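Numbering (our numbering), first residue to last: 198 to 495.
In what follows, a structure is listed as structure tokens, so that the remarks can point back to it.
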Amino acid sequence: MKIKFWGVRGSIATPGESTTRYGGNTSCTELHLDDDNLLILDAGTGIRNLGNALAERNGRVKAYILITHPHWDHIQGFPFFKPAFVEGNEITIIGPEARGVTLAELIAEQMNKIYFPVKLSELQARINFMPLKEDTVKVFDAKVTSFFVNHPGFTLGYRISYGGKSLAYISDNEPYTRETASLFSNGEPDVLKLFENYDGDPNKRVIDAIRGADVLIHDSTYTPEQYADHIGWGHSHYLHTLKVAAEAGVKKLFLFHYDPVMDDDSLDEVMDRCRKEMKRQNYGFTLEAAKEGKEFEF
């Protein structure tokens with residue numbers, strides 16, 4: 198499988214001189230299976246550049262877009278995804294629904310004529326929708342397993358298995374402790390119950406879902422110091438991300454979904470601190486920071 202990062206930021210795009218090395222677009226990752234079938238993880242602003250690259254190849258596009266949740270930074274690029282405007286292309290959007298709102302409605306609302314000049318119904322490509330909760334489904338010849346993570350609203354993590362390899366993608370996820378659970382006021386009660394009622398450490402619910410993955414892309418929004426002021430916002434600090442990777446026994450970890458205040462120099466410092474922590478804890482996985490344009494094959 199081959200991955201390429203088209204957007205690695207969280208919350209809002211951060212273009213500018215201080216983000217050129219890691220990139221300023223919001224979440225979008227391209228995944229090609231070994232047979233070249235295409236899966237796209239999230240549709241943040243990075244999907245615009247991905248769409249332009251696909252259009253330049255002049256071939257028919259048949260792709261699945263796996264949305265983790267419908268916060269703006271994960272769907273706001275879809276109206277600018279060029280293959281969606283081309284007749285003969287087929288795009289299937291997979292993702293969670295909200296209470297009383299279908300997946301199709303979640304995507305269509307941002308293209309309401311009040312906000313955008315082209316409605317979802319006016320796109321020329323065939324657009325399909327596959328609502329998902331916790332399940333395992335077949336996508337091309339890959340197995341996609343979805344599981345709820347700790348983030349406001351119904352939010353999914355994905356594990357994609359193909360050809361004896363697996364990729365775990367968790368864009369937004371907060372450490373769950375029973376001591377801080379009262380601060381998760383924006384969380385979905387049904388999801389919070391899944392964590393609260395889990396036997397032992399609630400975070401093992403996510404760890405067990407990704408155990409043994411070859412590659413893990415995981416939310417690393419905050420430093421531990423920043424996280425102390427953002428409990429309940431639905432994101433991890435890098436020490437938790439390292440611990441998840443270690444306990445799950447993954448082979449390679451990519452830090453991902455950086456806070457808008459984190460410029461390139463700040464992220465360099467985070468990487469230095471992570472390497473020191475890995476050495477101190479004797480963690481065995483390899484570590485990289487996701488960077489826009491970075492390609493990786495496994």
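Glycine residues also receive a C-beta, built at the ideal position from the N, C-alpha and C atoms.
From a predicted model like this one, the values you see are computed outputs, not experimental measurements.
Nonlocal neighbours in the same chain, by C-beta distance under 6 Å from residue i, ignoring five residues either side
{"i": "I262", "result": "I237, A240 and I290"}
{"i": "M468", "result": "A486"}
{"i": "I357", "result": "A339, V341 and L364"}
Alpha-carbon to alpha-carbon, residue j and residue i
{"i": "E422", "j": "G256", "result": "47 Å"}
{"i": "I414", "j": "K488", "result": "12 Å"}
{"i": "T483", "j": "F453", "result": "15 Å"}
{"i": "T223", "j": "T242", "result": "5 Å"}
{"i": "A260", "j": "K199", "result": "15 Å"}
{"i": "E319", "j": "N325", "result": "14 Å"}
{"i": "E444", "j": "I244", "result": "32 Å"}
One or two residues paired with residue i in a DSSP bridge
{"i": "I367", "result": "H415"}
{"i": "M327", "result": "I291"}
{"i": "L484", "result": "L450"}
{"i": "L236", "result": "L228 and Y261"}
{"i": "D332", "result": "S343"}
{"i": "Y355", "result": "S343 and Y366"}
{"i": "K401", "result": "Beta-bridge pairing links K401 to no other residue."}
{"i": "I200", "result": "L228 and F493"}
{"i": "V298", "result": "A295"}
{"i": "Y455", "result": "R206"}
{"i": "H434", "result": "Y419"}
Residue i, buried or exposed, once every other Cβ within 10 Å from all chains shown has been counted against 16
{"i": "L380", "result": "exposed"}
{"i": "Y455", "result": "buried"}
{"i": "A250", "result": "exposed"}
{"i": "V447", "result": "buried"}
{"i": "Y312", "result": "exposed"}
Span of the alpha helix (DSSP H) around residue i
{"i": "S208", "result": "Element bounds for S208: n/a, residue is neither H nor E."}
{"i": "K390", "result": "P386 to E393"}
{"i": "Q478", "result": "D461 to Q478"}
Continuous beta strand (DSSP E) stretch holding residue i: start and end
{"i": "K494", "result": "The sequence shown places Glu at residue 494, rather than the Lys named in the question. Residues E492 to E494."}
Sequence-distant residues of its chain with Cβ nearer than 8 Å to residue i (five each side left out)
{"i": "P280", "result": "G248, L251, A252, V258, A260, N286, I288 and A322"}
{"i": "R472", "result": "L484"}
Sequence-distant residues of its chain with Cβ nearer than 7 Å to residue i (five each side left out)
{"i": "D270", "result": "G207, S208, I209, T223, S224 and G241"}
{"i": "T418", "result": "G207, H432, S433, H454, Y455 and D456"}
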